[in-house]
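*Asks:* Dropping the structure in here first, questions after.
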Amino acid sequence: MTHARSLSLLFFVPILSSLGLGSRAQSPTVDPDFDTGVGANAIISTTLVQPDGKVILAGQFTSFNGSPAGRIVRVDASGVIDPTFDVGAGFNDQVTGAHLYADGSILVIGSFSMYDTNSPAPRIIKLLSNGSIDPSFTPPVLNATLLVQLAVRSDGRILVSGSFFTPQFNRLARLLPNGDPDPDFDTYDRFNSSVNNFDQLSDGRIVVVGAFTSVNGIPRNSVAVLHANGQFDPSFDPGVGPTGLVTNVAVDPLDRILLFGSMSAWNGQPARLIRLLTTGVVDPSFSLPTFNSNVLRCVIEPDGSILAGGLFFSVNGLTIRGLCKLDPNGILVPDFDPSSPSVGVQVYRIERASNGNLMIAGSFSQFGGLTRKNVVRLSSCVQETWYADTDGDGAGDPNSSVVSCTMPPGHVANNTDCDDSDPDITGPTTWYIDGDGDGYGNIFAPTQLACSAPVGHVDNADDCNDSDPTTHAVRNWFADTDEDGYGDPTVIISACNQPAGHVSDPTDCDDNDPLVFVGAACDDGHPLTLNDSIGEDCICRGSGLQVEVHAWLEGAYTPGDLMSAGLFENGLIPITEPYTAHGYVHVGGGGGETTTLQMLDPFPGMDEHTAVDWVVLELRDGSQAGVIISTRSCILRRNGLITRPDGLELPVFDEAPGSYHIAVRHRNHLGFVTLIPVDLDQPLPPVVDFASGQTATAGTNALKTMGQRLVMWSGDAGSDGNLKYTGQFNDRDLILSRIGGSIPTNTVSGYFREDLNLDGIVRYAGANNDRDLILQNIGGVVPTNVRYDQLPN
């Protein structure tokens, strides 16, 4: 807790209403100052409100207010056609989406193939602010019949979706600002059917929806998540998913995912609008509204409320046509119904302008009881009081406020900041009477809420006797159900005196078993450990011969202190060790060992502990380095440390104390062994650091120098102990075979030995291909050269 003791002003917040969110208006009404007359003769699906109040309208229409219009026009702030926006004959087919740039230029997508009669425009084009073609934008031919969704990121890169397939993109593409394909984005062979729409999570991942039923061959019914580079994210699993199609998606500021469209149920439960968490499970805090027909568009407001538009005319049994508002928990806001009593309202587009007005477009002839043809502007000014948040801590200054329809920059909705120049001071704080002046507050007396300490008050409630300055200890007591003298750390009572059935020691791991507590003897089930006992984390572990080994893989090498974790980030590292399946024969243990997803990244955010891949650690005879005594399957971490697969502890070998050679193997890197034996008969595990060169290796050039590191040679796709570029049993042909054997530009994603650079993708040609590593590591000049590992047989 942060307190505002340094403030001289004593500011009280006596009741919750003083947080004042301002007065809210009723339902927005049709703006009489915006009228397009006869309007569009067909659906308007796209609106773009310019800073000067002019509005670009696009969709399926071929005439506007009685004049020919090729699916796009610009009107002024009153709804009159703007003649300075000259598109000629316009588009020869429908426009499905558009984006307005700050300079007034417009990116447009749809099913069109021609612009202004003679200009080819294969489904995507960029126009200047006057309607002429922007020649600097040269998009690729996507072979698309229709582009459905368009988004321009803050860095200018462009995402488009639809039904198309190229050697790089499958139904979802990312382009550079000039239209070139983005080389850092790849969705090849990702979806088995079209992608309709998408939205992005705060971490850059992309939620996609459409007609597909699988992604990368894994079942995903109509909704899936991709990483920012286009790779499939299997951690998002929505289960059975929708009955019908999810055709649209919207992500709110808390990364909660709204799905809607032509579906009628979700995982068997009736639903036309559902909200999921980022894991794919249904958000239990969201109350499902009942629509009688499809929801086509949702806009999430700054306060988390949802504007929903579509084909419906009933919501929760109430007559509401085409447009409604839900609160952040999915509860219908009953006084928001600007379309009633109009009939036949179908809403395809909702856009909130910077001044708070709403542009509503779709297919309708009346709105709010007034004649409006397919587009209407609603005056939806909701006056609220906003408080200055100068220090950006999310709490506002009660003495500095403005009244506005939308939240101004640098303002928030609450007024609870005690010092708006210090982000570490929010407040107010609860203060407790300190009658005996010992610095401890009276737990039994009334409290005050204030920014600074009232006279005779402190900010804790630890005093059990406020008339005696020597008595002030409120303690935490922990339930001791099994009466073993150790308490359950999750069941706590704060009290001055010890309650019955409670103790002060919170180290019980199972309060129903008197034999299970921190320090108790146990059996960890591992036959190779000794002196098993329960640790402070309540996990049973034993001990044995241990060695701290550090090694780096060339395939995961990056300059700096950590290796890359591409295999983990793409969800490819298997839970069971892979070496037994590859034919490696373990000795004295190590075969069939398993890990968990949690142990592959035990402390998210502490990147040094993230898994790079499985390796094998070998103890070899101290006199004969060719004789393997014992093996363990282990996890190599990003900082180079080799650990047990079930945690961050060092591997354990149940062998007699003594000196041993230490060897490391990897499934597609050359193995190596220490030059001299390592004494393992020590009170602390010895450190064997191959990556820094601290520990010498046997043979010649057993490790490769890269920057400040010594790394294991990559390229052994056949796991046979040598690197060969040509000839019988060479490693290069294995890569070509893995990608299909005929088209060298093919790629395959997965956990394969042919993935020599450990990025989760097998490539034979092009950037970041795996083949070149072999040629480089045999010398790069004579392709018949062979590099062998330096392990003695």
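Just so it is clear: in the sequence shown, position 91 is 577 by our numbering, and no numbers are missing.
Think of the CB as a built atom: it goes at the ideal place given N, C-alpha and C, for glycine as much as any other residue.
(1) Whole-angstrom Cβ separation of W963 and A947, contact assumed at under 8 Å?
(2) Can you check the region 577-663 for any beta strand (DSSP E) of at least 3 residues that lies completely inside it and give the ranges in chain order?
(3) Is R1027 near S990, with beta carbons less than 8 Å apart?
(4) In whole angstroms, give me the CA-to-CA distance for P824 and T871.
(5) Over the uninterrupted alpha helix (DSSP H) stretch that includes L745, give me the two end residues.
(6) Can you give me the start and stop residues for the alpha helix (DSSP H) that N1263 sits inside?
(7) Roughly how many whole angstroms lie between the Cα atoms of R1218 and D879?
(8) Looking only at C-alpha atoms, which of S1205, T533, T1044 and V1035 sits nearest to Y1070?
(9) Roughly how many angstroms lie between the CA atoms of T912 and D945, to the nearest whole one?
(10) Over what stretch of residues does the beta strand (DSSP E) that includes G696 continue unbroken?
(11) With 16 other CB atoms within 10 Å as the buried threshold, where does V566 fall?
(12) State yes or no: is the C-beta of T603 within less than 8 Å of the C-beta of M845?
(13) Name the residue from P626, C950, V693 and R691 whose alpha carbon lies nearest to the alpha carbon of P669.
(14) Within 8 Å, do at least three Cβ pairs link the region 555-562 to the region 572-590?
(15) With F1054 as the anchor, note down where its alpha helix (DSSP H) starts and where it stops.
(16) Have a look at the DSSP bridge pairing and note the partners of G545.
(17) In three-state terms, what does DSSP make of H958?
(18) When DSSP labels each residue in this structure, what does E1079 get in the three-state scheme?
(19) Can you determine whether any heavy atom of the ligand SAM sits closer than 7 Å to the C-beta of S1223, and answer yes or no?
(20) Taking C-beta to C-beta, are V861 and G525 nearer than 8 Å?
(21) For G1076, collect the residues of the same chain with a Cβ closer than 6 Å to its Cβ; drop the 5 residues on either side in sequence, then sort them by chain order.
(22) Taking the DSSP output, what are the residues bridged to V989?
(23) Assign T1181 to buried or exposed, taking buried as 16 or more other Cβ atoms, counted over all protein chains shown, within 10 Å of its Cβ.
(24) In chain order, what residues of the same chain have a beta carbon less than 8 Å from the beta carbon of Y1237, not counting five sequence neighbours either side?
(25) According to DSSP, is R1273 part of a helix, a strand, or is it coil?
(26) Among S531, P537, G552 and N551, which one has its Cα closest to the Cα of L543?
(27) For A899 and G882, I'd like the C-alpha separation in whole angstroms.
(28) Residues in the same chain with beta-carbon distance under 8 Å from P1131, minus the five sequence neighbours each way, listed in chain order, please.
(29) Contact defined as beta carbons within less than 8 Å: I believe K781 pairs with G796. What is the distance between those atoms, to the nearest angstrom?
(30) So what's L1016 in DSSP terms, helix, strand or just coil?
(31) By how many angstroms is the C-alpha of Y834 removed from the C-alpha of A607?
(32) Give every residue of the same chain whose Cβ lies closer than 7 Å to the Cβ of W1199, excluding the five residues on either side of it in the sequence, and list them in chain order.
(33) Answer with buried or exposed for S849, where buried requires no fewer than 16 other C-beta atoms within 10 angstroms of its C-beta.
(34) Tell me whether the beta-carbon of R742 lies closer than 8 Å to the beta-carbon of D769.
(35) What number of angstroms, rounded off, separates the C-alpha of Y601 from the C-alpha of R560?
(36) What's the C-alpha gap between V1173 and L1166?
*Replies:* Based on what the coordinates show:
(1) That pair is no contact at about 16 Å.
(2) 581-586, 592-596, 610-613, 633-638, 644-651 and 656-661
(3) no
(4) 24 Å
(5) Note, L745: premise wrong, no alpha helix (DSSP H); beta strand (DSSP E) at I743 to G747.
(6) R1257 to N1263
(7) 56 Å
(8) S1205
(9) 15 Å
(10) I692 to G696
(11) exposed
(12) no
(13) P626
(14) yes
(15) G1052 to E1055
(16) I530
(17) coil
(18) coil
(19) As presented, the structure is devoid of all ligands, the ligand SAM included, so that no description of it is given.
(20) yes
(21) T1117, R1118 and S1119
(22) F964
(23) buried
(24) L1053, L1058, I1059, P1060, P1064 and G1246
(25) strand
(26) S531
(27) 7 Å
(28) E1063, E1079, T1080, T1081, M1085, W1100, S1119, C1120 and I1121
(29) A quick correction: the sequence has Val, not Lys, at residue 781. The pair is a contact, with the Cβ atoms about 4 Å apart (cut-off 8 Å).
(30) strand
(31) 24 Å
(32) E1040, H1155, L1156, K1190, L1209, N1263 and R1273
(33) buried
(34) yes
(35) 16 Å
(36) 10 Å
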